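Novice: A single structure is presented below for examination.
Protein chains: 2
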Amino acid sequence: MENPLENRFTAADIADAERYMAHEPPAEIDPRIERLVNDLIGRIADKWTLLVLELLEEKGTLRFTQIGRQVEGISQKMLTQTLRQMERDGLLTRTVHPVVPPRVDYALTPLGNSLSAAFCGVWVWAERNLEMVEAARATFDARD
Amino acid sequence: MENPLENRFTAADIADAERYMAHEPPAEIDPRIERLVNDLIGRIADKWTLLVLELLEEKGTLRFTQIGRQVEGISQKMLTQTLRQMERDGLLTRTVHPVVPPRVDYALTPLGNSLSAAFCGVWVWAERNLEMVEAARATFDARD
DNA sequence: CGGAATCCTCGATGATACTG
DNA sequence: CAGTATCATCGAGGATTCCG
């Protein structure tokens with residue numbers, strides 16, 4: 001490899017780093033890209049999506065009803081909808097086995113696994129800071 | 001410090017690590033705690049909350065109308081609601097200045113800053129993988 | 001300026017029934 | 001089993017008005 005760095009970072013990353021070294025402000029964000037990113041976050045930062053993501057990360061491949069049973073409180077409609085959305089975004093694969101009774105397996109793609117890893121920090125934060133948040137809420141609720 | 005490790009990790013962390021070293025399964029999660037964590041995630045993994053969090057992280061202290069102008073598309077009602085919820089959870093401070101016209105400043109607490117940092121990985125993931133997700137969507141939508 | 005209060009709508013979600 | 005289809009609801013959120 002001639003230049004290993006350029007193979008591991010995107011052109012945007014390198015441009016950012018160079019701006020940082022030159023003490024220049026960060027690049028203006030393309031508003032179109034920003035909207036797409038916000039939309040994407042909006043789709044994945046969803047209660048059911050997060051729970052399904054964590055479940056599949058932990059358990060590997062699961063069937064439709066297995067997921068339904070392990071995601072507390074999800075309706076069959078929302079489960080179908082969530083799984084379809086995640087499949088559409090490339091986060092998981094849906095494998096239909098042509099048998100009777102039907103059998104459909106769901107598993108995270110590498111993309112889905114990488115998202116799960118990215119969210120790991122948020123789960124850890126939530127667990128670590130749960131008590132502090134609950135204490136803040138108690139104080140807030142008790143104000144005058 | 002006698003034992004620096006025990007000052008930087010919680011008892012639960014150490015117990016987890018010891019179970020891991022002993023090849024034992026992870027501790028069962030208290031369902032009550034799990035619900036609280038899920039609720040917490042549900043509150044913070046919200047579109048407006050995330051946008052306000054990122055904005056305050058980037059800009060520091062801001063006034064009510066400044067936030068409203070910079071968070072694209074948020075209504076005054078949702079802004080008030082989001083800020084109150086974040087204040088209640090201890091993520092930001094609300095400072096009322098007794099002047100006319102009124103002036104109210106909002107700024108992240110250390111807790112809010114740490115959450116923002118935890119979410120950083122998700123934003124980076126979204127930016128890095130946006131093209132891949134959009135490609136997956138295009139392929140999915142074009143199936144048969 | 002920084003809200004609170006009110007009304008209203010519509011889309012997300014649940015419940016139910018049906019099916020390959 | 002793994003959905004689809006249909007109907008019903010209900011509450012999140014927008015628009016508007018008023019106020020200290």
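Going down the list, the protein sequences come from chains A and B.
If you count by UniProt numbering, then the first sequence holds residues 1 to 144, one letter each, in order.
If you count by UniProt numbering, then the second sequence holds residues 1 to 144, one letter each, in order.
Where a beta carbon is used, it is the ideal one built from N, C-alpha and C, also for glycine.
From a predicted model like this one, the values you see are computed outputs, not experimental measurements.
Kindly indicate which three-state DSSP category ARG43 of chain B falls into: helix, strand or coil?
Specialist: helix
Novice: Any C-beta of chain A sitting closer than 8 Å to the C-beta of ASN7 of chain B?
Specialist: Only weak support exists for where ASN7 of chain B lies, its pLDDT of 48 falling under 50; the value from the coordinates is given anyway. Taking Cβ atoms only, chain A never reaches closer than 8 Å to ASN7 of chain B, which makes this a no.
Novice: Could you tell me whether any Cβ in chain B is nearer than 8 Å to the Cβ of VAL122 of chain A?
Specialist: yes
Novice: So which residues of chain A does SER114 of chain B contact, with C-beta pairs closer than 8 Å?
Specialist: TRP125 and ASN129
Novice: Rounded to whole angstroms, what is the Cα-Cα separation between THR109 of chain A and LEU92 of chain A?
Specialist: 5 Å
Novice: Taking 8 Å as the CB-CB limit, is PHE140 of chain A close to chain B?
Specialist: yes
Novice: Go ahead and pull the three-state DSSP assignment for VAL96 of chain B.
Specialist: strand
Novice: If you follow the alpha helix (DSSP H) that ARG69 of chain A is part of, which residue opens it and which one closes it?
Specialist: 64-70
Novice: Find the nearest neighbour of ASP39 of chain B within the set A:THR82, A:THR49, A:VAL52 and A:ALA126, judged by alpha-carbon distance.
Specialist: It is A:ALA126.
Novice: In or out: ALA117 of chain A buried (at least 16 other Cβ within 10 Å) or exposed?
Specialist: exposed
Novice: Please tell me whether GLY42 of chain B has its Cβ less than 8 Å away from any Cβ of chain A.
Specialist: yes
Novice: Rounded C-beta distance between GLN136 of chain A and ASP89 of chain B? I'm assuming under 8 Å.
Specialist: One detail in the question is off: residue 136 of chain A reads as Ala in this sequence, not Gln. That pair is a contact at about 6 Å.
Novice: Nearest by alpha-carbon distance to ASP141 of chain B: which of A:LEU115, A:GLU87, A:GLY112 and A:TRP123 is it?
Specialist: That would be A:GLU87, whose Cα lies nearest to the Cα of ASP141 of chain B.
Novice: Name the chain B residues whose beta carbon is nearer than 7 Å to that of GLY90 of chain A?
Specialist: MET132, VAL133 and ALA136
Novice: Taking 7 Å as the line, does the beta carbon of ASP30 of chain B fall inside it for any heavy atom of the ligand GDP?
Specialist: The ligand GDP is absent from the structure shown, which contains no ligand whatsoever.
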